[in-house]
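The structure appears right after this line, and notes come after that.
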Amino acid sequence: MTTRSWAFTIDVAQDFTPNIDVERQSTTTGDYEAYSGITGVTMHLSATETGSAIDASLSQSASERSATPGRIHSTFDVADLQTYLTAYRNKTVWLVLAKTGELVGKSLACLVTRNG
Amino acid sequence: MGISVGTPVWTTSTADVGPVFTQARTFAAGDRVSIAVGHRNTTAVLDSVVFDGVDSGAHVENYPTGTNVAHLHVWELVISAGGTGDLVVTFAAALGSANVIVGTSVIGSVASGSGWRDAPVETGNTTNESATITIGSESGDEVIGWAMQRGATATMVADGNTTEVGAQASTAAAGGTHVRMALWRRNGASPDVAIGGAFNSTNGYALVGHNLNLVPVNGSGTLPLTLGLAGAGTVAVQGAGTLALTLGLAGAGTVAVQGAGTLPLILGLTGTGAVGSVPVTGDGVLALTLGLAGAGTVAVSAAGSLPLVLGLAGAGTVAITGAGSLPLVLSLAGAGTVSTGAPYAGQVRLTAARGPALAFYAGPGAALHFLPFPP
Numbered sequence: 001m002t003t004r005s006w007a008f009t010i011d012v013a014q015d016f017t018p019n020i021d022v023e024r025q026s027t028t029t030g031d032y033e034a035y036s037g038i039t040g041v042t043m044h045l046s047a048t049e050t051g052s053a054i055d056a057s058l059s060q061s062a063s064e065r066s067a068t069p070g071r072i073h074s075t076f077d078v079a080d081l082q083t084y085l086t087a088y089r090n091k092t093v094w095l096v097l098a099k100t101g102e103l104v105g106k107s108l109a110c111l112v113t114r115n116g
Numbered sequence: 117m118g119i120s121v122g123t124p125v126w127t128t129s130t131a132d133v134g135p136v137f138t139q140a141r142t143f144a145a146g147d148r149v150s151i152a153v154g155h156r157n158t159t160a161v162l163d164s165v166v167f168d169g170v171d172s173g174a175h176v177e178n179y180p181t182g183t184n185v186a187h188l189h190v191w192e193l194v195i196s197a198g199g200t201g202d203l204v205v206t207f208a209a210a211l212g213s214a215n216v217i218v219g220t221s222v223i224g225s226v227a228s229g230s231g232w233r234d235a236p237v238e239t240g241n242t243t244n245e246s247a248t249i250t251i252g253s254e255s256g257d258e259v260i261g262w263a264m265q266r267g268a269t270a271t272m273v274a275d276g277n278t279t280e281v282g283a284q285a286s287t288a289a290a291g292g293t294h295v296r297m298a299l300w301r302r303n304g305a306s307p308d309v310a311i312g313g314a315f316n317s318t319n320g321y322a323l324v325g326h327n328l329n330l331v332p333v334n335g336s337g338t339l340p341l342t343l344g345l346a347g348a349g350t351v352a353v354q355g356a357g358t359l360a361l362t363l364g365l366a367g368a369g370t371v372a373v374q375g376a377g378t379l380p381l382i383l384g385l386t387g388t389g390a391v392g393s394v395p396v397t398g399d400g401v402l403a404l405t406l407g408l409a410g411a412g413t414v415a416v417s418a419a420g421s422l423p424l425v426l427g428l429a430g431a432g433t434v435a436i437t438g439a440g441s442l443p444l445v446l447s448l449a450g451a452g453t454v455s456t457g458a459p460y461a462g463q464v465r466l467t468a469a470r471g472p473a474l475a476f477y478a479g480p481g482a483a484l485h486f487l488p489f490p491p
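Chains as they are written, first to last, in the working numbering: chain A, 1 to 116; chain B, 117 to 491.
If you want it as structure tokens, here you go:
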């Protein structure tokens, strides 16, 4: 069986603002808990699962939502998406997250579309 | 490092009959000193050996050959504080004969306490002949023998298996009343080795020796295990990595392994909580514990190796025909490293805040076909 799922769709005609919940595992309970207060995370869009950014403009610093601990977000500008992701329409690109010493090469699949 | 046998320092006398003989010496704290005194009064009693008025020696063995011929005393001494002082050998009474030799040798890298040496073995005679003493030993140990004979200028030659550390005559003059002494050594081997040589004196010779025990490793040892990918922090492992696994006893020189050791190799996935139903989806942890198990007198004394044996266990009718292989694969699974601080450790999980955006599945039967998006 072949399966494919995407965490996000990226409409190259709009700004792209992914919201991602980051959880970490407690050694006390074994449960995953929201990574409250997370900082220092970067996001970039890559053609491969753990690759580098397609372009430097497709690399952003992420910040935590003040009302939702552990939820980080960043906005990719529509102009950059049109410039660099149009060639990836109907294809998968990867939203790669990085945080020094903790998050290396963690990524989420995204389907590039154009709805506008 | 192997056992060292220091070149002897000699004190000779052809005039003094004692009962006290003195040798100026400088020792370091912790030195173990082997002391030999040779003369031709076979009834003499050696009362004490004292260094610097502080450290008292202990009697190891004495060997009087016949009556009024060759007499060899062997003592041992452990230096406490060290320094320069007099090593004083005191007999119960004057010897009545003037030819005396005192030899001292510092022994290094031996076991501590009373286990630094084994029981002495001796021999002697009053004829020209070759003689050996057989001493129980182990690989890495060292065997020493103090040899003496009457006849200062006559030859006294170590045999081909024996090395002379040093030799001294009480005088350069010929004559059977004089004394000649030597310190011999030989590398130890299991179960025993012979040490000796050719003596040339009808006035008597004596040979007293014993085994020196290598510093043992008791209890647990430590084996450094290096698994690289070196790095920390932001070093990412993406794709296949290689982990070189090197097992060995660190050391150099004459270090040998005596006795059987056991190295349990335990590899497993560690986990807490509801292990079993919890899937392992990221990095696992393989705890690798290497150590020398055991206690007592197991010693490490020459370059050793720890064979890592992987084999197909089987019994009964299970047959192995042809060449088989057991791949040993060590790798870091997945990508990413996580260290989120206590009480958090392990995986960081990411999910899109609003859940999956799209998911398509193609099961058995009809395939799914996607057409290009309209422009």
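We put the beta carbon where it would ideally sit given N, CA and C, even for glycine.
### CB contact check: Ala468 (chain B) to chain A, cutoff 7 Å
yes
### Task
Pull out every residue of the segment 9-26 of chain A whose Cβ sits closer than 8 Å to any Cβ of chain B, in chain order.
Thr9, Pro18, Asn19, Ile20, Asp21, Val22, Glu23, Arg24, Gln25 and Ser26
### Message
With a threshold of 7 Å between beta-carbons, can Arg465 (chain B) be considered close to chain A, or not?
### Response
yes
### Message
Quick check on the burial criterion: 16 or more other C-beta atoms within 10 angstroms. Buried or exposed for Leu307 (chain B)?
### Response
Note on residue identity: the sequence assigns Pro, not Leu, to residue 307 (chain B). The residue is exposed, with fewer than 16 neighbouring Cβ atoms inside 10 Å.
### 3 or more residues per run - each beta strand (DSSP E) lying fully within the segment 247-317 of chain B
With a minimum length of 3 residues, the unbroken runs of beta strand (DSSP E) contained wholly in the segment 247-317 of chain B fall at 258-266, 279-285, 295-303 and 308-315.
### Query
Taking Cβ positions only, does Tyr88 (chain A) come closer than 7 Å to chain E?
Here the protein chains are A and B, and chain E is not one of them.
### C-beta contact flag for Thr248 (chain B) and Gly325 (chain B) at 7 Å
no
### Query
When burial is assigned at 16 or more other CB atoms within 10 Å of the CB, is Ser150 (chain B) buried or exposed?
buried
### Query
Taking the C-alpha atoms as reference points, what is the distance between Leu466 (chain B) and Lys106 (chain A)?
When the Cα atoms are used, Leu466 (chain B) and Lys106 (chain A) turn out to be separated by approximately 8 Å.
### Query
Where Ala468 (chain B) and Thr29 (chain A) are concerned, what is the direct C-alpha to C-alpha distance, given to the nearest angstrom?
24 Å
#### Entry: Where Asp15 (chain A) falls: helix, strand or coil (DSSP)
Of the three classes helix, strand and coil, the one that applies to Asp15 (chain A) here is coil, per DSSP.
### Task
Using a Cβ cut-off of 7 Å, pull out every chain B residue sitting near Leu118 (chain A), in sequence order please.
Beyond the ends of chain A as shown, which are 1 and 116, falls residue 118 (chain A); an answer cannot be given.
### Query
What separation, rounded to the nearest whole angstrom, lies between the Cα atoms of Arg156 (chain B) and Arg302 (chain B)?
27 Å
### Query
In terms of alpha-carbon separation, which member of B:Thr287, B:Asn241 and B:Ala305 lies closest to Pro180 (chain B)?
B:Asn241
### Query
What are the uninterrupted segments assigned as beta strand (DSSP E) that are 3 or more residues long and contained completely in the segment 126-213 of chain B, given in chain order?
136-144, 148-155, 162-167, 174-181, 186-194 and 198-207
### Query
Is the segment 125-138 of chain B touching the segment 213-222 of chain B in the sense that three or more CB pairs, one from each, lie closer than 8 Å?
yes
### Message
Which complete alpha helix (DSSP H) runs does the segment 32-113 of chain A hold, if anything under 4 residues is left out?
### Response
78-85
### Message
Can you find the residues in the same chain that come closer than 6 Å, C-beta to C-beta, to Asp168 (chain B), ignoring five residues on each side of it along the sequence?
### Response
Gly201
### Beta-carbon proximity check, Ile223 (chain B) vs Asn327 (chain B), cutoff 7 Å
no
### Query
Whose CA, out of B:Asn215, B:Val226, B:Gly182 and B:Ala144, lies closest to the CA of Ser286 (chain B)?
B:Asn215
### Where Arg65 (chain A) falls, given that 16 or more other Cβ within 10 Å makes a residue buried
exposed
#### Entry: Simplified DSSP state of Thr239 (chain B), which is helix, strand or coil
Annotated three-state conformation of Thr239 (chain B) is strand, per DSSP.
### Task
Tell me, please, whether the segment 19-36 of chain A touches the segment 47-59 of chain A by the rule of three or more beta-carbon pairs shorter than 8 Å.
no
### Query
If you run the structure through DSSP and keep just helix, strand and coil, what is Val425 (chain B)?
Any reading at Val425 (chain B) needs caution, since the residue's pLDDT is 40, under 50, leaving its predicted position unreliable; the model's value is listed next. In this structure, Val425 (chain B) counts as coil in the three-state DSSP scheme.
### For Val78 (chain A) and Ile54 (chain A), the rounded distance between their alpha carbons
Between Ile54 (chain A) and Val78 (chain A), the C-alpha separation is close to 15 Å.
### Task
Give every residue of the same chain whose Cβ lies closer than 6 Å to the Cβ of Gly231 (chain B), excluding the five residues on either side of it in the sequence, and list them in chain order.
Asn329
### Enclosing beta strand (DSSP E) for Thr220 (chain B) [first to last residue]
Val216 to Gly224
### Gly229 (chain B) (DSSP reduced to helix, strand or coil)
helix
### Task
Classify Asn327 (chain B) as helix, strand or coil using the three-state DSSP reduction.
Reduced to three states, the DSSP call for Asn327 (chain B) is strand.
### Query
Opposite Thr9 (chain A) in the DSSP bridges: which residues?
A:Leu111
### Query
Are Val41 (chain A) and Lys91 (chain A) touching if we call contact CB-CB under 7 Å?
No, they are not a contact pair.
### Message
Restricting to Cα atoms, I'd like to know which of B:Ala160, B:Trp300, B:Ala310 and B:Met264 is closest to Thr318 (chain B).
### Response
If we check each option's Cα against that of Thr318 (chain B), B:Met264 comes out closest.
### Whole-number beta carbon distance between Tyr84 (chain A) and Leu58 (chain A), since they are thought to touch under 8 Å
6 Å
### Task
Compare the Cα-Cα distances from Glu280 (chain B) to each of B:His294, B:Val259 and B:Gly212 and report the closest residue.
B:Val259
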